[in-house]
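Protein chains: 2
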Amino acid sequence: MSQPPFEYRTVDMTDEEFADEQAVYGGLTQALRRLGEVSLRTIVDHDTVIAATRQVEELTARLEAEMIPGNFGVVVTTSGHVRGYGNAVVGMRNPIAPPLKIVQDRVKGGARSEFFLNALYEGPPGKVHGGVLALVLDQIFGEAAAAGGTPGMTGTLTLRYRRPTALGACSAEAWVASAAGIKTIVKGWLKDADGEVTVEAEGLFILPRWAREQLAASGETPPQYE
Amino acid sequence: MSQPPFEYRTVDMTDEEFADEQAVYGGLTQALRRLGEVSLRTIVDHDTVIAATRQVEELTARLEAEMIPGNFGVVVTTSGHVRGYGNAVVGMRNPIAPPLKIVQDRVKGGARSEFFLNALYEGPPGKVHGGVLALVLDQIFGEAAAAGGTPGMTGTLTLRYRRPTALGACSAEAWVASAAGIKTIVKGWLKDADGEVTVEAEGLFILPRWAREQLAASGETPPQYE
Chain Y
8 MSQPPFEYRT VDMTDEEFAD EQAVYGGLTQ ALRRLGEVSL RTIVDHDTVI
58 AATRQVEELT ARLEAEMIPG NFGVVVTTSG HVRGYGNAVV GMRNPIAPPL
108 KIVQDRVKGG ARSEFFLNAL YEGPPGKVHG GVLALVLDQI FGEAAAAGGT
158 PGMTGTLTLR YRRPTALGAC SAEAWVASAA GIKTIVKGWL KDADGEVTVE
208 AEGLFILPRW AREQLAASGE TPPQYE
Chain S
8 MSQPPFEYRT VDMTDEEFAD EQAVYGGLTQ ALRRLGEVSL RTIVDHDTVI
58 AATRQVEELT ARLEAEMIPG NFGVVVTTSG HVRGYGNAVV GMRNPIAPPL
108 KIVQDRVKGG ARSEFFLNAL YEGPPGKVHG GVLALVLDQI FGEAAAAGGT
158 PGMTGTLTLR YRRPTALGAC SAEAWVASAA GIKTIVKGWL KDADGEVTVE
208 AEGLFILPRW AREQLAASGE TPPQYE
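What follows is the structure in structure tokens.
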């Protein structure tokens, strides 16, 4: 199994330009997240919905006049910021990301997050989609492994669903249970708004050879997303 | 562990009204999916982004003038259609859903889907987020269990990531490996555009007692989403 290394592009950008970008695009993305939720819950008349659709298409045409090709990727600025803006869980410019703010614990090797999952993350009626819970846990687990100093890609992930998770406030925590060589085992849980554990999980994270070589060559530590 | 049964609301709606709703809201949601992707990839100047943000906020205000409270849920029409519009993977009115069209095989007990994951579903640069792969597999696995006549909620889900999955076209398939009493084991895989298996998975689906009682009382079969 041979894989090309991930490409981390670098852009020339001052701290001020970075802050400006966060404010401008953060505003657009947050507005789109709210529009997405409202579009699911609205019951206005069909003519209003059709008119709104035309406006969305006009807006899209203006924004797509100049675009990067393909995906956003992970871009490092010359001032040292890591822009993983496209990430589906934490990406600042990704309207499908809740987004999670994940706090890494680099002393003990762990990560945790408190977040809110609204109507867009539904599976069974009134409950968070089980796959969405897997999605957020995979991100938190990966950041826990990285915080423990042993980053890796998900090798296996096992989720035990103890009970349905109500839409709304949630929290999750993960920690490095063991690390040996290129293999790191992470364990953790997810809780609902009542503080009940609804999901328990365990993951094996593996650092592929090409990634080890790349990290060794660059002397870099893995990214903490902004 | 006691859980309230899921609520399947019923609405009075003709086939014609249903088709109209699909066209009107399908159009809005599809336009929002495209706007979401473009918002991540655009490099127009900041003034244009700020003006777009204002417009998104104005649109939101018009649509939120009348809304259902909370989440969408699963709503059954009197003409027999099941509207799981809020589902995070397949929901017709959910802009974060790719959305997947899943084909159930009710003879053999399985489900499969071909779908496209764009820049919004990124994890590592150029690759699908591992948690997004878990999200789509959880939905397909649940539909496979239901197609096998033994529906259930995800009890455990184990994912083995064989290699990174490039953003783009993907396919997945799941089948009932065994079913005994209230427990159904589903197995399956996900392939990338080259037809390489990138994820293998296994899930245990369990039908909780309250759901068994509810199904028995209603004589209903589990929903196939539209």
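Residue numbers (the working numbering), protein chains in the order written: chain Y, 8 to 233; chain S, 8 to 233.
Just so you know, even glycine gets a beta-carbon here, dropped at the ideal spot from N, CA and C.
Rounded to whole angstroms, the gap between the alpha carbons of G195 of chain S and F148 of chain S is 8 Å.
Judged by DSSP secondary structure, V81 of chain S falls within the beta strand (DSSP E) whose first and last residues are V81 to T84. Counted as a single uninterrupted DSSP element, the alpha helix (DSSP H) harbouring Y32 of chain S occupies residues D22 to R48. By the Cβ rule, the segment 131-151 of chain S counts as touching the segment 162-177 of chain S, because three or more pairs are nearer than 8 Å. Using a CB distance cut-off of 8 Å, E71 of chain S counts as an interface residue toward chain Y. From the listed residues S:G155, S:A118 and S:A72, the smallest Cα separation to V143 of chain S is found for S:A118. Beta-bridge analysis with DSSP links Y168 of chain Y to Y:V206. Here L124 of chain S carries a strand assignment [DSSP, helix/strand/coil]. In terms of beta-carbon proximity, I75 of chain S lines the interface with chain Y, with at least one pair separated by less than 8 Å.
Here V96 of chain S carries a coil assignment [DSSP, helix/strand/coil].
Here S185 of chain S is exposed: its Cβ has fewer than 16 other Cβ atoms, across all protein chains shown, within 10 Å.
Per DSSP, A179 of chain S is one residue of the beta strand (DSSP E) stretching across G175 to A187.
Contact between the segment 38-48 of chain S and the segment 95-107 of chain Y is present: 3 or more CB-CB pairs across the two stretches fall below 8 Å. Comparing C-alpha distances from R69 of chain S to each of Y:G80, Y:V56, Y:F79 and Y:G156 shows the shortest one belongs to Y:V56.
Note: T17 of chain Y is bridge-paired with Y:V83 in the DSSP secondary-structure output.
In this structure, R48 of chain Y lies away from F123 of chain S, with their beta-carbon atoms at least 8 Å apart.
For the set S:E180, S:D19 and S:N125, the Cα lying nearest the Cα of P76 of chain Y is the one of S:N125.
Here the alpha carbons of V51 of chain S and A72 of chain Y stand approximately 7 Å from one another. Among the residues of chain Y, those whose CB is under 9 Å from the CB of Q146 of chain S are G130, H136, G137 and G138, following chain order.
With contacts defined by Cβ atoms closer than 8 Å, E220 of chain S and R169 of chain S do not form a contacting pair. Taking 8 Å as the cut-off between beta carbons, the residues of the segment 42-70 of chain S near chain Y are L42, G43, V45, S46, L47, R48, T49, I50, V51, H53, T55, V56, I57, A59, T60, Q62, V63, E64, L66, T67, R69 and L70, in sequence order. In this structure, DSSP gives R113 of chain S a state outside helix and strand, which the three-state scheme calls coil.
T163 of chain Y is not a Cβ neighbour of L214 of chain S, given a cutoff of 8 Å. Look at A200 of chain Y here: in three-state DSSP terms it is coil, with no helix or strand label. Cα atoms of L140 of chain Y and V81 of chain S: separation of roughly 19 Å, rounded to the nearest angstrom. Taking 8 Å as the cut-off, the Cβ atoms of F212 of chain Y and G156 of chain Y do not count as close.
Counting of Cβ neighbours within 10 angstroms places A152 of chain S among the buried residues, the total reaching 16 or more. Leaving aside the five residues that flank Q29 of chain S on each side, the residues in its chain whose CB is nearer than 7 Å to its CB run, in chain order, M99.
Not a single C-beta of chain S is nearer than 8 Å to the C-beta of L107 of chain Y.
Between F25 of chain Y and T67 of chain Y, the CB-CB gap reaches or exceeds 8 Å. Per DSSP, reduced to three states, the secondary structure at V139 of chain Y is helical. Here DSSP, grouped into helix, strand and coil, assigns T163 of chain Y to strand.
With a cutoff of 8 Å on beta-carbon distance, A179 of chain S and S120 of chain S are scored as near each other. Shown here for R90 of chain Y: same chain residues with a beta carbon closer than 6 Å to its own, the five before and five after excluded, namely V82 in chain order. When beta bridges are read from the DSSP output, G195 of chain Y appears opposite Y:A181 and Y:A208.
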